[in-house]
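Below is one structure, written out as structure tokens, with a few remarks after it.
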Amino acid sequence: MEKVKVYFLILFVLTLLACNEDSNNQSWIDSTMDSIPEATPDDANLREKIFQERIQSGDTLIKSLSELQSLLPLSFKGYELEDTSAQYLEFDNRRMSEARISWSKNEESVVVSLIDYNRNLQTWNGLSDMYRSQFVQDNAEELSCAWKAGLGENFGWINFLKEEPHLKISLGMAYRYLLTIEFTDRKDTAGIYNLIHQYDWSKIK
Numbered sequence: 024m025e026k027v028k029v030y031f032l033i034l035f036v037l038t039l040l041a042c043n044e045d046s047n048n049q050s051w052i053d054s055t056m057d058s059i060p061e062a063t064p065d066d067a068n069l070r071e072k073i074f075q076e077r078i079q080s081g082d083t084l085i086k087s088l089s090e091l092q093s094l095l096p097l098s099f100k101g102y103e104l105e106d107t108s109a110q111y112l113e114f115d116n117r118r119m120s121e122a123r124i125s126w127s128k129n130e131e132s133v134v135v136s137l138i139d140y141n142r143n144l145q146t147w148n149g150l151s152d153m154y155r156s157q158f159v160q161d162n163a164e165e166l167s168c169a170w171k172a173g174l175g176e177n178f179g180w181i182n183f184l185k186e187e188p189h190l191k192i193s194l195g196m197a198y199r200y201l202l203t204i205e206f207t208d209r210k211d212t213a214g215i216y217n218l219i220h221q222y223d224w225s226k227i228k
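Here's what the structure looks like:
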């Protein structure tokens, strides 16, 4: 009889924890939906101007792998370092460099990646137009919409898979970099905003 009582007590506690996580996630979703940034004016002319200024200043190459890795944080609060990697990417005769770093905590993981699109104005324009759109998708499976991270980004986007859960934040930085921060199996999304603001991203310029 005592074992049965203990079993139902454990079940009750687990149910409360699950409900609390769902409540936190729903509150975060509601606040996100309420704060979707307004459509920004087309900045195509500004992109072109910055691109040309880089060429005139001699800044015509993508960052080397080691340079790109140096722009990423070496630690993530509460998580243990898992892996670091870097590679060059080729797409349609366009060359980019990418650095990635990952951390883990129990079943949770965080992966941060940074891609340098310098001299790839056409690709950057495509990304910018896509992520700056006012498209919103919110259903039982996922939430996708524009998002303001407040990190000085040119544009921001989130994709939240609610069942897994998996949250991907995509930010355009300095009119040349795509910064993505992915959280897997993080049960409480409410603290994400404060968490990413604990790090200095100002080196990405």
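Residues 24 to 228 in the numbering used here are what the sequence shown lists, from first letter to last. Glycine included, every Cβ here is placed at the ideal spot set by N, Cα and C. From a predicted model like this one, the values you see are computed outputs, not experimental measurements.
DSSP bridge partner residues for residue 190 (one or two, in chain order): Along the sequence shown, read from residue 1 onward, the residue named residue 190 stands at position 167. Beta-bridge pairing by DSSP links residue 190 to 183 and 206.
Length at least 4, wholly inside the segment 52-133: the alpha helix (DSSP H) runs in chain order: Here the runs fully enclosed are 67-80 and 88-92.
Nonlocal neighbours in the same chain, by C-beta distance under 6 angstroms from residue 30, ignoring five residues either side: As a first step, residue 30 must be located in the sequence shown, where it is residue number 7. Because the pLDDT at residue 30 is just 37, under 50, the model does not fix this residue reliably, and the point stays unresolved.
Burial state of residue 120 (16 or more Cβ within 10 Å): For this step, residue 120 is matched to residue 97 along the sequence shown. Residue burial is scored here from C-beta neighbours: residue 120 has at least 16 other C-beta atoms within 10 angstroms and is therefore classed as buried.
Cα-Cα separation, residue 177 to residue 129: The residue you call residue 177 lines up with position 154 of the sequence shown. The residue you call residue 129 lines up with position 106 of the sequence shown. Going by the C-alpha atoms only, they are around 33 angstroms apart.
Buried/exposed call for residue 92, threshold 16 Cβ in 10 Å: The residue given as residue 92 occupies position 69 in the sequence shown. With 16 or more Cβ atoms within 10 Å of its Cβ, residue 92 is classed as buried.
Residue 218, DSSP secondary structure in three states: Within the sequence shown, the letter at position 195 stands for residue 218. In the three-state scheme derived from DSSP, where H, G and I count as helix and E and B as strand, residue 218 is classed as helix.
Residue environment, residue 153, which counts as buried when at least 16 other CB atoms sit within 10 Å: Indexing the sequence shown from 1 puts residue 153 at position 130. It is exposed - the Cβ of residue 153 has fewer than 16 other Cβ atoms within 10 Å.
Expected contact under 8 angstroms - CB spacing of residue 143 and residue 77 to nearest Å: In the sequence shown, residue 143 corresponds to position 120, counting from 1. In the sequence shown, residue 77 corresponds to position 54, counting from 1. The beta carbons of residue 143 and residue 77 sit about 11 angstroms from each other, so the pair does not count as a contact at 8 angstroms.
Buried or exposed (CB count within 10 angstroms, at least 16 for buried), residue 225: Walking along the sequence shown from the start, residue 225 turns up at place 202. The residue in question, residue 225, is exposed, as its Cβ has fewer than 16 Cβ neighbours within 10 Å.
Span separating the alpha-carbon of residue 135 from that of residue 159: Residue 135 sits at position 112 when you count from the first residue of the sequence shown. Residue 159 sits at position 136 when you count from the first residue of the sequence shown. If you take the alpha carbons of residue 135 and residue 159, they lie about 24 angstroms apart.
Residues that residue 135 bridges to, as DSSP identifies them: Residue 135 sits at position 112 when you count from the first residue of the sequence shown. DSSP lists 124 and 204 as partners of residue 135.
Option nearest residue 137 by Cα separation, candidates 198, 75 and 208: Looking up residue 137 in the sequence shown gives position 114. Ranking the options by Cα distance to residue 137, first place goes to 198.
DSSP-derived helix/strand/coil call for residue 145: Locating residue 145 in the sequence shown gives position 122, counting from the first residue. In this structure, residue 145 counts as helix in the three-state DSSP scheme.
Exposure label - residue 99; buried when at least 16 CB within 10 Å: Stepping through the sequence shown from its first residue, residue 99 is reached at position 76. Counting Cβ neighbours within 10 Å, residue 99 comes out buried, since at least 16 surround it.
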